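Below is one structure, written out as structure tokens, with a few remarks after it.
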Amino acid sequence: MRIFQQVIFAFCLIWGGLFIQAQKGLISPIEGWTAYLSHKTTLEITQRGDLIYAITAGGLFSYQINTGKIRQFSTIEGMSNLSPTTLFYDTSSDLIFIGYNDGTINYLDQADRFWYISDISRTELYTTKRINRFFTRDGLLYIATEFGIVVYDIALDETRFSITKIGDKATGSPVKDIAFANGRLWAAMGGNGVWSVDLSEPNITLPALWRKESGSNRLPDLTANFICNTEDILFVLVEDTIFKRLPNQDWKPSPFKKRSWTYLNSANNRVTANAGHYTGVLFPDSNCIEIDNQGATGCSYSIGGKVFIGDQAAGMLHWDNGNFDRASPDGPKNNLVTDLAAGNGELYVAPFGIQPPSARQYDKSGIPFYDQYKNGWKINNVRNGDLKIGEVYQDFVRTHYDKVTGKCYVGSWGEGIVELEKGNVVATYTEANSGLVSGASQNLIGGLATDEFGNLWIAQRLTGIPINVKTPAGEWYAFTPPFQISSIGMIIDDFNNKWIISSGQGLVVFNDNYTLDDPSDDRSMAINSSFGSGGLPNKSVFAVAQDLDQQIWIGTSEGVTIIYDPSVLWTSDFQDAACPIIDGFCLLRDQRVNDIAVDGANRKWLATENGVYMVNEDGTVLLRHFTSQNSPLFDNNVRAVAIDHATGEVFFGTQKGIVSYMGDAIDGQEDAAQLYAFPNPVPDDYEGVVMIKGMKSFSKVKITDVAGRLVRELDSQGGEVPWDRRDAFGQRVRPGIYLAMVANAAGEGSGIIKIAILEYQGQ
616 MRIFQQVIFA
626 FCLIWGGLFI
636 QAQKGLISPI
646 EGWTAYLSHK
656 TTLEITQRGD
666 LIYAITAGGL
676 FSYQINTGKI
686 RQFSTIEGMS
696 NLSPTTLFYD
706 TSSDLIFIGY
716 NDGTINYLDQ
726 ADRFWYISDI
736 SRTELYTTKR
746 INRFFTRDGL
756 LYIATEFGIV
766 VYDIALDETR
776 FSITKIGDKA
786 TGSPVKDIAF
796 ANGRLWAAMG
806 GNGVWSVDLS
816 EPNITLPALW
826 RKESGSNRLP
836 DLTANFICNT
846 EDILFVLVED
856 TIFKRLPNQD
866 WKPSPFKKRS
876 WTYLNSANNR
886 VTANAGHYTG
896 VLFPDSNCIE
906 IDNQGATGCS
916 YSIGGKVFIG
926 DQAAGMLHWD
936 NGNFDRASPD
946 GPKNNLVTDL
956 AAGNGELYVA
966 PFGIQPPSAR
976 QYDKSGIPFY
986 DQYKNGWKIN
996 NVRNGDLKIG
1006 EVYQDFVRTH
1016 YDKVTGKCYV
1026 GSWGEGIVEL
1036 EKGNVVATYT
1046 EANSGLVSGA
1056 SQNLIGGLAT
1066 DEFGNLWIAQ
1076 RLTGIPINVK
1086 TPAGEWYAFT
1096 PPFQISSIGM
1106 IIDDFNNKWI
1116 ISSGQGLVVF
1126 NDNYTLDDPS
1136 DDRSMAINSS
1146 FGSGGLPNKS
1156 VFAVAQDLDQ
1166 QIWIGTSEGV
1176 TIIYDPSVLW
1186 TSDFQDAACP
1196 IIDGFCLLRD
1206 QRVNDIAVDG
1216 ANRKWLATEN
1226 GVYMVNEDGT
1236 VLLRHFTSQN
1246 SPLFDNNVRA
1256 VAIDHATGEV
1266 FFGTQKGIVS
1276 YMGDAIDGQE
1286 DAAQLYAFPN
1296 PVPDDYEGVV
1306 MIKGMKSFSK
1316 VKITDVAGRL
1326 VRELDSQGGE
1336 VPWDRRDAFG
1346 QRVRPGIYLA
1356 MVANAAGEGS
1366 GIIKIAILEY
1376 QGQ
């Protein structure tokens, strides 16, 4: 019966997999998307030629040993997802194999193209399919998984067989690592110890052929998660001790020092191991060295006299004769996101990682800042000296970008506010140096917004004075509406109304009547699910935004609803919110809406736990729905969305990091004085679109040649329009000078620019 189960499993893999070439293929890169990821947590390292490859919590990157050039890979370039678990280079096929938590396998060819193999991920026989390790022998890829060993023929692109029962252990027991030595296949099976089988046997899938090695030949019968070899010399990590075995001899402690080892690997006839901030390297001449990088190491790889160390917080380090160099991409400490703010080519991140309200995390990741024009990250934190302990330095949860001043305000869940300009800290505000009033000795900043006068408004949680304002002159005022406020978000509309999300209570709208120093004329209103008080689907509100028609869009746990005329909020003409109808139902009626952003064409971008939806201006037409299945979106749980209205780039903050999509609508201009095209001139090797920017919204763009012949006519959504360098018949235009003439329907905002097409190569 057991043998029959083995055959059935292999049959299921083969029939649904590579024999019919149905579940293996090339994954093409996707244009228009950009990743903003952290590669600080390194999981595994390998080498191909002069390139070192490393998988991380942010995907994959390569490092060129001679030049230090770094290239990053994510789902945009073709990775199946951002949960890689292991990495292996096969010298015979010149392929790099990547395993994932869900059982998917990618291999990277010589041109750095990703191919996928989904045999294991598609099987329904086992729920846990994690790929733990790879090893190759005689053209076969041996795959250690959480349910056994799968053997794949690289040349034939087919699964050959599987081993899902070893010895007397339960079917589907995990295999953590594998090695080949002394004519045997060795398997480290975690709590089940070390087992081996003679490779000369005609059918190594038979459980009875496997021999338990743990508990014999002086190898302790304890947990073994790593095993490797250099030729016929075996090394195994048992609990936290590394043992060594020469051919036909007993196991004995290895030359590595006594430490709490957590990782073991072999490559280039060298063995590397990691324990805390120590990396041990055993060379072919039996010389064993130890490197202390003062960090939390997780993996390592040695080539020649060089050692590449995968740190858990600092990325990959390059050690050479006692000297350390960083060999990984710039980026934030982690991929956690709670809020985003963008503008004028700048991106600010609040990396708290948990949606408020919640307990404090005391997270010291700081404030990541990305400059599009410098193409680089800056991390404001204590370690870099930008923030100071005792002021505002941890648990950043809210961001607000003031596009008038170019300043960004970042709120901490417990300490106060940081003011930044061009990524640099300008000031910090706490209860000790400002008018902020704390609750329970904490400033839990739930909402930030600036009004038309440059006043910074702050909404807090768990304080008797939940609303504060700071004027440009540095004056502070405090307000106490007659409603309990537990703020987790805030906006200010065109009518001076402050819309404050109060956790589990709906919203509170506050208006100071333009008199900061006179509370007698202040007005407040609770917006909730009651009839006449907003009529929301429920009181669980997570997002609020004002669109270009001055309507207030509200995201709840049951979709979207709209207050269509906030100008009559304080009059008897006020009407409850209503949901936009799409396909006969309320927009996203069964989904939690985490965030809302409005682009230059008044389209709405809705962040949900099921991806991102883009709808038209009134929410009645679904224009796009991005998920991790149909786009490079890293995760379907999108917590934040922000739009840089200067560039049209739309940023999505997911549970696995930040990714952006280049939209086609920026804010419209009052005139066409800022009209320009990018790139211009168009380089001979450029394959993207030409963006014509700086026009009024909904303009008409006519492109002609220098003789005045009409080539193409385009319509802008916001303040920009893309041109794919094709004419009205879909043909590529010839190299030369072209004119783009711009005006809206009323003939306003007219302008003209020249665009130089230097050369076009390809079809």
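In my numbering, the protein residues as written are 616 to 1378.
Even glycine gets a Cβ: it sits at the ideal position worked out from N, Cα and C.
Since the structure is predicted, the reported quantities are computational estimates derived from the model, not experimental observations.
Secondary structure of residue i, DSSP reduced to three states
i	result
Pro1294	coil
Val851	strand
Ser1135	helix
Ala796	strand
Leu1237	strand
Pro817	coil
Ala823	helix
Gln636	Residue placement at Gln636 is poorly supported in this model, since its pLDDT is 35, which falls under 50; the coordinates are not used for a value here.
Pro1181	helix
Arg998	coil
Asn950	coil
Glu1363	coil
Asn1209	strand
Ile1196	strand
Glu1030	strand
Pro1380	Residue 1380 is absent from the model: the chain starts at 616 and stops at 1378.
Tyr1375	Confidence in Tyr1375 is poor, its pLDDT being 48 and thus under 50, which makes the residue's placement unreliable; the coordinate value appears in the next sentence. Coil at Tyr1375, not helix or strand.
Trp801	strand
Ile1368	strand
Phe871	coil
Beta strand (DSSP E) segment containing residue i, residue limits
i	result
Asp1188	Segment: none, Asp1188 is in no beta strand (DSSP E) and carries neither H nor E.
Ile982	Ile982 to Asp986
Ile778	Glu773 to Ile778
Met1229	Gly1226 to Val1230
Val1007	From DSSP, Val1007 is part of no beta strand (DSSP E); its letter is neither H nor E.
Lys1315	Ser1314 to Asp1320
Tyr1393	In the structure as shown, the chain begins at 616 and stops at 1378. Residue 1393 is therefore absent and cannot be evaluated.
Arg1324	Segment: none, Arg1324 is in no beta strand (DSSP E) and carries neither H nor E.
Asp935	Met931 to Asp935
Arg860	Thr856 to Arg860
Ile1273	Gly1272 to Met1277
Gln662	Thr657 to Arg663
Arg1013	Phe1011 to Asp1017
Gly1268	Glu1264 to Thr1269
Val1305	Val1305 to Lys1308
Arg941	Asn938 to Arg941
Val964	Glu961 to Ala965
Thr845	Ala839 to Thr845
Closest by C-alpha distance to residue i, when choosing among the options
i	options	result
Ile1106	Ala1088, Glu1090, Asn1126 and Ile711	Asn1126
Phe1344	Leu1325, Ala911, Ile691 and Ala965	Leu1325
Val1316	Gly1366, Phe1293 and Lys1271	Gly1366
Gly1050	Asp1066, Ala1064 and Ile1073	Ile1073
Tyr1129	Gly1069, Ala1141, Val1236 and Phe858	Gly1069
Leu932	Gly910, Gly946 and Ala650	Gly910
Arg1076	Gly1089, Ala1216, Ile1103 and Pro1096	Ile1103
Phe750	Val765, Arg737, Ala1355 and Asn1058	Val765
Thr774	Ser733, Leu740 and Lys784	Ser733
Ala965	Arg1349, Trp876 and Phe1267	Phe1267
Ala803	Leu849, Glu692 and Asp1017	Leu849
Thr743	Gly1031, Cys914 and Gly787	Gly787
Lys921	Ser943, Pro868, Phe898 and Ala929	Phe898
Asp1180	Asp1164, Glu961 and Ile1169	Asp1164
Pro983	Ala956, Gly693 and Phe841	Ala956
N- and C-terminal bounds of the alpha helix (DSSP H) containing residue i
i	result
Ile735	Asp734 to Arg737
Cβ distance (whole Å) where residue i is taken to contact residue j below 8 Å
i	j	result
Val1208	Phe1249	The Cβ separation is near 19 Å, so there is no contact.
Ser1053	Thr1078	6 Å
Tyr715	Ile691	With a Cβ gap of about 16 Å, Tyr715 and Ile691 do not count as contacting.
Pro1152	Glu1173	4 Å
Val809	Ser777	Not quite, the Cβ-Cβ distance comes to about 20 Å (not below 8 Å), so this is no contact.
Secondary structure, beta strand (DSSP E): runs of 3+ residues fully inside the region 1061 to 1132: 1071 to 1076, 1082 to 1085, 1091 to 1094, 1102 to 1107, 1113 to 1117 and 1121 to 1126
Inside the region 677 to 764 only - alpha helix (DSSP H) runs reaching at least 4 residues: 734 to 737
3-residue-minimum beta strand (DSSP E) runs that sit fully inside the region 1139 to 1184, ordered along the chain: 1156 to 1161, 1167 to 1171 and 1174 to 1178
Completely contained beta strand (DSSP E) runs for the region 877 to 911, where each covers 3 or more residues: 878 to 882, 885 to 890, 893 to 897 and 903 to 907
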